[in-house]
Amino acid sequence: MNTFNINKKGYYGEFGGAYIPEMLYPNVEELRQNYLKIMADSSFQKEFNQLLKDYVGRPSPLYYAKRLSKKYNTKIYLKREDLNHTGAHKINNTIGQILMAKRLGKNRIIAETGAGQHGVATATVCALMGMECIVYMGEIDIARQAPNVARMKMLGATVIPALSGSKTLKDATNEAIRDWINNPVDTHYIIGSVVGPHPYPDMVARFQSVISEEIQWQLKEHEGKTKPDYVIACVGGGSNAAGAYYHFLDDENVKLIAVEAAGKGIDSGESAATSVLGKVGIIHGSKTLLMQTKDGQITEPYSISAGLDYPGVGPMHAHLYKSGRAEFMSITDDEAMKAGLELCQLEGIIPAIESAHALAIFEQKTFQPNDIIVLNLSGRGDKDLDTYINHFKL
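Counting from 1, position 66 in the sequence shown corresponds to residue 66 in the working numbering; the numbering is continuous, with no gaps.
Written out as structure tokens, the structure is:
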């Protein structure tokens, strides 16, 4: 049987692996040898599930969007990850990883963040567990996500600007990796997406798989069946998508749609549509699809959404694209902003601009009236109010 899950060597098809400097080998290897054992441990499970319930507020509702469904003449359910504590899906993974770090005896946490949601989620769990927290963030992202930076500082984190390259997410990741190389013994690096060297893509996907786990029983309550016809999610690195797809990966009756940021247009030179523009390459320790120049230099991605402007995509998604298991679509800034505003006005929900990209596909793709569609609403739009205000001159 074809499986779209990770294999024993840490690959999804041809993508994945751990391409890391020797200095990092002990850290990554320690994690690889222990992560599945720790996650399977009953005391870990108990603590993780308890925190998801009492602290994060799970399960997040599966909401039937009546007016949106009527407009597009199909059945649209929204998985409300925006209702989690801290306002996005990111907290599912940071809770899991902080418990992992604790069991590995690490007491100093580093993270990278683009939109700031992962930084806030990391700072949150560090405050919860009384651990030191250092967050690396591109200087440009610090400016455009000021409320999230303030949150991280209030939660006790040290926010360090990345001043190299494009001063965005990839550069913040570079800085975090440098820090980890310099502090291998006491530090755990909480990666926020399904990227990085093995076992990170698999570990993050497993922590986020609580999303698809809930979708199954919630859909049974709503529709009398556990499987939707389509699962839709936006993809930057791709953790919210990995979580929403996880339990459906090997069931080809469930169609998967991944929505990337086309920025100002796929051919504009200002885009983050990795599936279309990417070639096989290595970034941050894994082999995946990556936007790069002819001689292999990483090209700068662009999206109006700070969470989608990553030049690569996680290895799971690279494999889903390459194998044809998932359909990839690209949405421009303007299309995403319009779809975000539409959700506000039809359903009274202000989505993160990342999630608005996923919502925008209803203008492009026609579904059948009886199709059951679950769209992962991965974050709320508070952090993007400035961008909405400037875009619509509100």
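Quick reminder that beta carbons are idealized off the backbone N, C-alpha and C, glycines included.
Use the C-beta contact count for residue i: other C-beta atoms within 10 angstroms, 16 or more gives buried, fewer gives exposed.
i    : result
A146 : exposed
G307 : buried
S42  : exposed
P26  : exposed
T122 : buried
P301 : buried
F207 : buried
E342 : buried
K167 : buried
R58  : buried
P197 : buried
L394 : exposed
E214 : buried
G285 : buried
P228 : buried
V210 : buried
S268 : exposed
P199 : buried
V374 : buried
F362 : buried
K66  : exposed
E260 : buried
A150 : exposed
G94  : Reading off the sequence, residue 94 comes out as Thr, not Gly. With 16 or more other Cβ atoms within 10 Å, it is buried.
M152 : buried
Pick helix, strand or coil for residue i, following the three-state DSSP scheme.
i    : result
H284 : coil
S323 : helix
Y35  : helix
R206 : helix
L290 : strand
H198 : coil
R80  : strand
I372 : strand
Y19  : coil
K75  : strand
V185 : coil
A244 : helix
V28  : helix
T158 : strand
Y63  : strand
G381 : helix
H256 : A small fix is needed here, since residue 256 is Leu in this sequence, not His. L256 falls in the strand class under three-state DSSP.
A272 : coil
Y302 : coil
K279 : strand
V56  : helix
V235 : coil
Going by beta-carbon coordinates alone, are residue i and residue j separated by less than 9 Å?
i    : j    : result
K86  : T113 : Checking the sequence, you will find Thr at residue 86 rather than Lys. In this structure, T113 does not lie closer than 9 Å to T86 by Cβ.
G312 : G278 : yes
G13  : A205 : no
V276 : S330 : yes
Y189 : D179 : yes
G138 : A157 : no
F15  : M291 : no
A472 : F328 : Residue 472 is absent from the structure shown; the chain starts at 1 and stops at 394.
T332 : Y310 : no
A459 : Y136 : This structure gives no information on residue 459, because the portion of the chain shown stretches from 1 to 394.
A356 : S303 : no
E47  : L99  : yes
K383 : N73  : no
Y55  : L169 : no
K419 : L346 : The structure shown does not extend to residue 419, since the chain is modelled only from 1 to 394, so the question has no answer here.
A326 : L385 : no
M23  : I181 : yes
N5   : D250 : yes
T387 : R32  : no
K287 : Y19  : yes
G119 : V159 : yes
Nearer than 8 Å: is that true of the beta carbon of residue i relative to any heavy atom of the ligand HEM?
i    : result
A205 : Only the bare structure without any ligand can be found here, which leaves the ligand HEM out of the picture.
With a threshold of 9 Å between beta carbons, is residue i in contact with chain B?
i   : result
N49 : Protein chain content of the structure displayed is limited to a single chain, and chain B is not contained in it.
At a cut of 8 Å, does the segment 105-114 reach the segment 68-80 through at least three beta carbon pairs? no
Three Cβ pairs or more, each shorter than 8 Å: is that satisfied between the segment 85-99 and the segment 190-200? Judged by Cβ distances under 8 Å, the segment 85-99 makes contact with the segment 190-200, as three or more pairs qualify.
Decide yes or no for the touch test of the segment 232-252 against the segment 348-367: beta carbon pairs closer than 8 Å, at least 3 of them. yes
Pick out the complete alpha helix (DSSP H) segments inside the segment 87-132, 4 residues or longer, and give them in chain order. 90-103, 117-129
Using 8 Å as the Cβ pair cut-off and three pairs as the minimum, do the segment 216-227 and the segment 264-271 touch? Taking 8 Å as the limit for Cβ pairs, the verdict is that the segment 264-271 does not touch the segment 216-227.
Inter-stretch contact at 8 Å, needing at least 3 Cβ pairs: the segment 241-250 / the segment 372-379: yes
Output the residue ranges of the beta strand (DSSP E) runs that lie fully inside the segment 304-362 and measure 3 residues or longer, sorted by chain position. 326-332
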